[in-house]
Amino acid sequence: SQPDTGEQALEIVDTLVRSNAIDVLVVDSVAALVPRAEIEGEMGDSHVGLQARLMSQSLRKLTGSISRSRCMVIFINQLRMKIGVMYGNPETTTGGNALKFYASVRLDIRRTGAIKDRDEVVGNATRVKVVKNKVAPPFK
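Residues 2 to 141 (our numbering) are what the sequence shown spells out, left to right.
What follows is the structure, given as structure tokens:
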């Protein structure tokens, strides 16, 4: 069954991590973790920073559980474009900065083309860039 709110989803993640029953858990996607207040609110309401606050609180709680259980949690996120950026990278990820700070490894995965068998597409060629790595020696 699918959780109704982001809070519910992250509580399930915490429960699964603490259970020591699994080794790998994938949350797809962070952008889909909608806070309860946003779901219960009206369509046009402004909910600035709600998702960032949700991720920050959840990751503070999850970090200890993850390190004790030795479970790997993978958060899949989406890119968004910042509006009005004249310099620097206009791309950003949803959910605030908490994921960037708490992550041990961050990967930027992009599709570069299609892999074809004659005329049929059988896969995607990708480019993977390591954005952050706290678990291995640098520049190797």
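C-beta atoms are modelled at their ideal positions from N, C-alpha and C, and glycine is treated no differently. Nothing here was measured: the structure is a model prediction, and the numbers come from that model.
ask   = Nearest to ARG112 by CA position, among ALA22, ALA126, VAL74, is which residue?
value = ALA126
query = Is it the case that the Cβ atoms of SER70 and ARG128 are separated by a distance below 8 Å?
reply = no
inquiry  = Quick check on this structure: which residue in ASP5, ASP109, ASN98, LYS135 has the alpha carbon closest to the alpha carbon of ALA53?
reply    = ASN98
query = Is it the case that the Cβ atoms of LEU100 and VAL31 are separated by a distance below 8 Å?
reply = yes
task = Pick helix, strand or coil for ALA10, following the three-state DSSP scheme.
result = helix
query = Quick one: what does DSSP say ASP24 is sitting in, helix, strand or coil?
reply = The three-state secondary structure of ASP24, taken from DSSP, is coil.
ask   = Any idea if PHE76 is buried or exposed, counting beta-carbon neighbours within 10 angstroms, 16 or more meaning buried?
value = That one is buried.
key: Beta carbon of VAL28 nearer than 8 Å to that of VAL86   = no
key: Rounded separation between LYS135 and THR64 - CA only   = 14 Å
key: Host alpha helix (DSSP H) of GLY65 (start-end)   = 51-70
Cβ shell of LEU17 (< 7 Å), same chain only, five flanking positions each side left out = ILE23, LEU26
Integer Cβ distance of GLY7 from VAL35, believed to fall under 8 Å = Yes, GLY7 and VAL35 are in contact; Cβ-Cβ is about 5 Å, under 8 Å.
message = List, from N- to C-terminal side, the alpha helix (DSSP H) runs of 4 residues or more that fit wholly inside the stretch 89-117.
response = 99-103
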